[in-house]
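>
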Amino acid sequence: MGAEKDVGAGRGPSRVVRRAIRTTLCACGAFYVCLYGLDQPVAATYALFAVVSMAALSRIPGTGEQRAAVLVRTLPAVWVLLTAGTYLAVRTWAAVAGMLVIGFAIAFAAAAGPRAAGAAPGLQLLYILPCFPPYLPDTLGERLGGATFGLVLLVLAEKFLLPEPRGTTYRELAAGAADAAARFAAELGRAPYTLPAAEVESARKIGESLRPLHVEEAERPAGPGLRDRALAHTGLGARTLLGRLVNLPPPPAGQSPLKTGLELLEAVGRSAAETGALLAGTGRATDEAGALRRLREEVREAAEREPQPVTEVRGRRRAALLEVADAAAAFATAAELAVRGRRAPPPPPGTDAGRFWYAGRLAPRLWWHRLAAHAGPRSVYFQNAVRISLALAAVRTVAGVESLPHGFWAMLAVLSLTRTTVAQTRATVRQALAGTLLGALLAAGVLALVGGHTHVYAVALPIVMLVAFTVGPVRGVGWAQGMFTLVVSFVFAQLAPVTWRLAGVRLMDVIIGSMIGVVFGLLAWPRGAQSELHRAVAVLLAREAETVERTTAAVVAGRRDTAPDDRALQLALSLAESAYAQRQSEPRAPVARAPDWQAAMITGHHVLWGSRRLLARAGPDLGQGNGERLSGRADGVAARMRAAAQRAATVPPDHGSDGGVAASAEPAAGPGGGGRDPEVVAPSAFFAAQTWLDSLTADIERVMAPCRAADQAGSSGRAAPSDPPRAA
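This is the structure in structure tokens:
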């Protein structure tokens, strides 16, 4: 467990200290009220562990108010889990079966986003707690009452005690990007009709700020709900719009741009400014976005009516302007859905409706869609759920068959020490065992000296607990396990007479749980998300190449398709994004030769959106000459994508960098591979597709830029940079 960042200088205690104070006050307060005030030791036990599970073991991101909202929503689940655990404890086989099924379900719920993933360990613990003998279903009321009392105190403390300031929200970041886009559109409408270098750099930095990696975990739009999906698309739309504006080709030298182009840029600027106001909460209108969509369609229809073919300069400029308009319209639609949710009007028919398929859908259906997409062994969420449920079931089997005293502690060790990679688990276990041994020795000494004087433990418990929850997250898992050994010893010493041997039982349980966790970490996907990320991105890039070829072939032949079957690309994109998200939480060696993972995913969205847009408006047949030119261009782009897929598929050795092999051969720039075609005249559909392929070529350059930088550094005898710059 690493150290957490302070809230900020001059703004009170750090996040760790605030959390430790809240946890200690709620856990000890609930424990003492139930034990000494109401004389209900069962309720006291469940009150204390409910607080510890959801405040210390769980890592729900966000401010206290955000965590309180999550706790309120999970309270019904807590009641269900406590009830199920109580009744399944009657037989070892029933408890083991329940651990497999319910343990998997709780862990798999992490696919729903950071908040669900953060709450999952605490919910696991609350299910485990009643799963051990004695079988006392008549105490279910006390168990539920104690847990509820503790969690209610925790909700109140999270909301009102030592409140934390909220950081910049994702909506605010997207609003800033919208304002920048409006400024850039205005700049491009004036001579010299290009953006100065300072604005290009500003666009890059704004795009970087919208990367999930650079956003606080609580603010990342990663959930399955409508608003989260829309907000994620809002960020993607903002980055796409900025990229399209930066890369907009200027009019021919010495010529003024056409009036329709300037009008389209003005409409983009007004729409972006309106979208920014909507996201910032300073405006509610969406008239400019509607006007932009109408103007976009008018320009497109005028292009189709215009005598064909048209010159390359005219065709490219107009196609690029339409790409800008399409990105601005998609940005506005996504922002409206993110702000208004199901109250937002349905997206316009056509490509917009297909792009925002989730608009108006109920939450259960969206949850099912997310979970179904990850219900397979290629999903890191599925892998993690299998790993932890098998390990928990194994510990429960050992505890039941061998009558392991306090087997609950062994399962707690599995929950708190098992990581997504076996190397990380081994390192964590070594530290945990050392800390537990020292804590057990200290606890045994205290128990032997104090004996049955429970008032001493009652006085010492808040102090020890505060130190444990303050020092543990900062100093690491060894300190956390050692101090927690003291905490549980002082708790159980107040519940029943104990001897110094209790500390030895605690050590034995932690050893058993740790070893089982290491075994299953070794057997079940031991490399965590690393291998899966390489494989998933390689599959994604291959699917992108197939979609590019299929879409281009349809455009060349003039075949329209308003409902293309791109489910394979969507699934590959979803799995790659989940693997990338988990990889951020795992220790990584310096990245020297890996592709830009997120750039590959953004490319996937650009392929998906552009393909739908082109297929919906394909036609007429481009003719042999132009068809061959476009097909050659698409073949070159697809070849570069497959070369990137080959590079991404190379998994580095353990303890190495995320790359480490020579670059795969890539097609050289030239006809069909990245160079400019000679001056041609062609239908507008040709230039629309060509502009799309140009943008994808730039995307693939961003994907492979870190690899090339590392290869060039290696060939010149210098060390590769450990953190290569990422493009927006």
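Residues are numbered in this note's numbering as their position in the sequence shown, beginning at 1, plus a constant of 315.
All C-beta atoms, glycine included, are put in the ideal place defined by N, C-alpha and C.
Please confirm whether PRO356 and LEU810 have their CB atoms less than 8 Å apart.
Their beta carbons are under 8 Å apart, which means PRO356 touches LEU810 by this criterion.
> Is ALA634 near ALA553, with beta carbons less than 8 Å apart?
Contact: no.
> Span of the alpha helix (DSSP H) holding ILE375?
Per DSSP, ILE375 belongs to no alpha helix (DSSP H) and is neither H nor E.
> As a quick exercise: from SER889, ILE831, ARG932, pick the residue whose alpha carbon is nearest that of THR866.
Checked all of SER889, ILE831, ARG932; the closest Cα to THR866 is ARG932.
> Hey, ALA435 and ALA424: beta-carbon distance below 8 Å or not?
Their beta carbons are under 8 Å apart, which means ALA435 touches ALA424 by this criterion.
> Measuring alpha carbon to alpha carbon, tell me which residue in HIS721, LEU890, GLY832 is nearest LEU822.
The residue with the shortest Cα to Cα distance from LEU822 is HIS721.
> Three or more C-beta pairs closer than 8 Å, one from the region 383 to 398 and one from the region 687 to 704: is that the case here?
Because the criterion of three Cβ pairs below 8 Å is not met, the region 383 to 398 and the region 687 to 704 do not touch.
> Taking buried to mean at least 16 other C-beta atoms within 10 Å of its own C-beta, is SER368 buried or exposed?
Answer is buried; the Cβ neighbour count reaches 16.
> Please name the residue in VAL654, ASP543, GLU943, LEU340 whose C-alpha comes closest to that of ARG685.
Cα-wise, what sits closest to ARG685 is ASP543.
> Looking only at its chain, what residues have a beta carbon closer than 8 Å to the beta carbon of LEU610, apart from the 5 residues adjacent to it on each side?
Once the five neighbours on either side are set aside, the close Cβ partners of LEU610 are GLU578, LEU579, ALA582, ALA640.
> Under 8 Å between the Cβ atoms of MET916 and ALA959?
Cβ distance not < 8 Å, so MET916 and ALA959 don't count as in contact.
> Measuring CA to CA, which of GLY760, GLU603, GLY558 is closest to LYS520?
It is GLY558 whose Cα lies nearest to the Cα of LYS520.
> Are there three or more Cβ pairs, one per stretch, closer than 8 Å when the region 359 to 367 is compared with the region 336 to 350?
Taking 8 Å as the limit for Cβ pairs, the verdict is that the region 336 to 350 does touch the region 359 to 367.
> When you compare only the Cα positions, how much space is there between ARG481 and THR590?
C-alpha separation (whole angstroms): 23 Å.
> Tell me whether LEU510 is buried or exposed, calling it buried when 16 or more other Cβ atoms sit within 10 Å of its Cβ.
Buried: at least 16 other Cβ atoms inside 10 Å.
> Could you round the C-beta distance between PRO448 and ALA404 to whole angstroms and report it? I think they count as a contact, below 8 Å.
That belief holds up - the Cβ atoms of PRO448 and ALA404 are roughly 6 Å apart, short of 8 Å.
> How would you call HIS849, buried or exposed, if buried means at least 16 neighbouring beta carbons within 10 angstroms?
It counts as buried.
> With a CB to CB cut of under 6 Å and the five nearest residues on each side skipped, what residues in its chain are close to PRO1036?
Summary for PRO1036: the model assigns pLDDT 40, below 50, so the residue's position carries little reliability; its value from the coordinates is reported in the next sentence. Excluding residues within five positions, none has a Cβ falling inside 6 Å.
> Which residue from ARG631, ALA783, ALA537 puts its Cα closest to that of ALA1049?
Here the chain has residues from 316 to 1043 only, and residue 1049 is not among them.
> Just checking my contact of GLY942 with VAL871 at CB under 8 Å: how many whole Å lie between their CB atoms?
With 8 Å as the limit, GLY942 and VAL871 qualify as a contact, their Cβ atoms being about 4 Å apart.
> Quick one: what's got a C-beta closer than 6 Å to GLU531's C-beta in the same chain, skipping five residues either side?
Cβ within range, chain order: GLY482.
> Counting along the chain, where does the alpha helix (DSSP H) carrying ASP641 start and finish?
Segment 627 to 655, the alpha helix (DSSP H) holding ASP641.
> Below 8 Å between beta carbons: does that hold for GLY1046 and GLN796?
Not covered by the structure: residue 1046. The range shown for the chain is 316 to 1043.
> Here's the rule I'm using: 16 or more other beta-carbon atoms within 10 Å means buried, otherwise exposed. How should ARG816 be labelled?
ARG816 should be labelled exposed.
> Are ALA383 and VAL470 touching if we call contact CB-CB under 8 Å?
Cβ distance < 8 Å, so ALA383 and VAL470 count as in contact.
> Are the beta-carbon atoms of LEU646 and THR549 separated by less than 8 Å?
Note that residue 646 is Phe in the sequence shown here, rather than Leu. The answer is yes: Cβ separation under 8 Å.
> With a threshold of 6 Å on Cβ separation, who are the neighbours of ARG334 within its own chain once the five nearest residues in sequence on each side are excluded?
None.
> Run through the region 764 to 829 for me and flag every whole alpha helix (DSSP H) of 4 or more residues, listed as ranges in chain order.
As far as the region 764 to 829 is concerned, its whole alpha helix (DSSP H) runs of at least 4 residues are 769 to 790, 792 to 810.
> Check this for me: beta carbons of LEU727 and GLY832, under 8 Å apart or not?
Not a contact, by the Cβ cut-off of 8 Å.
> Compare the C-alpha of SER524 against each of GLU502, LEU468, ALA490 and name the closest.
It is ALA490 whose Cα lies nearest to the Cα of SER524.
> Taking the alpha carbon of GLY630 as the point to measure from, which residue in SER1010, GLN1005, GLY787 has its own alpha carbon closest?
Of SER1010, GLN1005, GLY787, the residue nearest in Cα terms is GLN1005.
> What is the DSSP secondary structure of THR509, reduced to helix, strand or coil?
Here THR509 sits in coil by DSSP.
> Helix or strand or just coil, what does DSSP make of VAL716?
Note: VAL716 maps to helix in three-state DSSP.
> Counting C-beta neighbours from all protein chains within 10 Å, is the total for VAL597 16 or more, i.e. buried, or is it exposed?
Going by the sequence as given, residue 597 is Thr instead of Val. Exposed is the call here.
> Quick one, are the C-beta atoms of GLY836 and ARG898 less than 8 Å apart?
Against a cut-off of 8 Å, the Cβ pair of ARG898 and GLY836 comes out as no contact.
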